[in-house]
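Step one of this worksheet: look at the structure below.
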Amino acid sequence: MKKAFYKKKRYWLLIFIILGLGLFIYPFTQDPLGHFQRSVAKVLSYAGIEEHSQASQKDFFHYWEAGKKTKQHNTLLLLHGFGGNSLWTWMRLMPSLSQERHLLALDLLASRFMQIKPQTYSVQAEADHVLRFLEKQQVKKIDIIALSVGGWIALKIAHEHPDKVGRLILIESAGLTTEIPSFARLTLDNRERAQDFMNRLFYHPPPVPDFALDALVKASNRIKKHYLKTLDFFIKNSAPQVMDEKIKDIFQKTLILHGRQDQVIPLEHA
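Just so we're aligned: the sequence shown equals residues 5 to 274 in our numbering.
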């Protein structure tokens, strides 16, 4: 009788554990990207990296900030690429970079491209957005680390406002041509395409659970039409602003990093 009681007790305990795990895991399967982003934001806050938003009639600035301004160093500005945001791009680097520098990681207009009017979107619009942000923050001089299209924006600001930029680090930078590799137009219509996207995006692709792939497919299908339209207008409107003939006039010390196997911006476009 006693053995039966304990056996039944263990049985119900196991059920409660399974139910508890299910209740904990279920929300992550419904909005995995959102839950991951909120979790990362919480971890970054423990490292002193704070999330901020500022809105006015003309602008909306969403950014991450850490460290304090010093006379010894310029503020370090991080610029992400098209289709990303500052959190996803810089979350692994911000804790170490902010230990000795005042750091600002700004979300570009591209991070909210569903709200962009494609017909007026260009690299100039992004550069103006960055310059207004720096003015709002009362930052007079910056060093820039920039990825992809962020590199194009950084080059443009360094060329047109040389007094504002100290040094540049350009990672997989765009801006020398408007030719778009086919990978940039890849839409994730199904789970297989989403997995192929991850395989081509990373040299050593991380394991991605099916529910995360499904979330990518769902997000892609929701934005696909507007994404392609925005990308086409961005290239068309920005074509007169390519930097291939202007980079010779950029005098700031610059470090250029580019992956040999990069499939987003191939090495021949670097």
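Ideal placement from N, C-alpha and C gives every residue a C-beta, glycine not left out.
Any idea what DSSP makes of valine 169, helix, strand or coil? strand
Rounded to whole angstroms, how far is the Cβ of leucine 113 from the Cβ of glutamate 130, which I believe are closer than 8 Å? Yes, they are in contact, since the Cβ atoms of leucine 113 and glutamate 130 sit about 6 Å apart, within 8 Å.
Neighbour-count burial assignment, leucine 107, 16 or more Cβ in a 10 Å radius: buried
When the distance is taken between beta carbons, is leucine 192 closer than 8 Å to valine 221? yes
Express the C-alpha separation of lysine 46 and glutamine 76 in angstroms, rounding to a whole number. Rounded to the nearest angstrom, the two C-alpha atoms are 30 Å apart.
When you compare only the Cα positions, how much space is there between arginine 136 and alanine 162? 15 Å
Count Cβ pairs between the stretch 215-230 and the stretch 241-248 that sit closer than 8 Å; are there 3 or more? no
Measure the C-alpha to C-alpha separation of arginine 171 and glutamine 256 and round it to an integer number of angstroms. 5 Å
Between the stretch 89-103 and the stretch 37-56, are three or more C-beta pairs nearer than 8 Å? yes
Beta-carbon proximity check, glycine 52 vs alanine 70, cutoff 8 Å: yes
Closest by CA to isoleucine 260, which one among Ser90, Pro210, Leu271? Comparing Cα positions, the closest option is Leu271.
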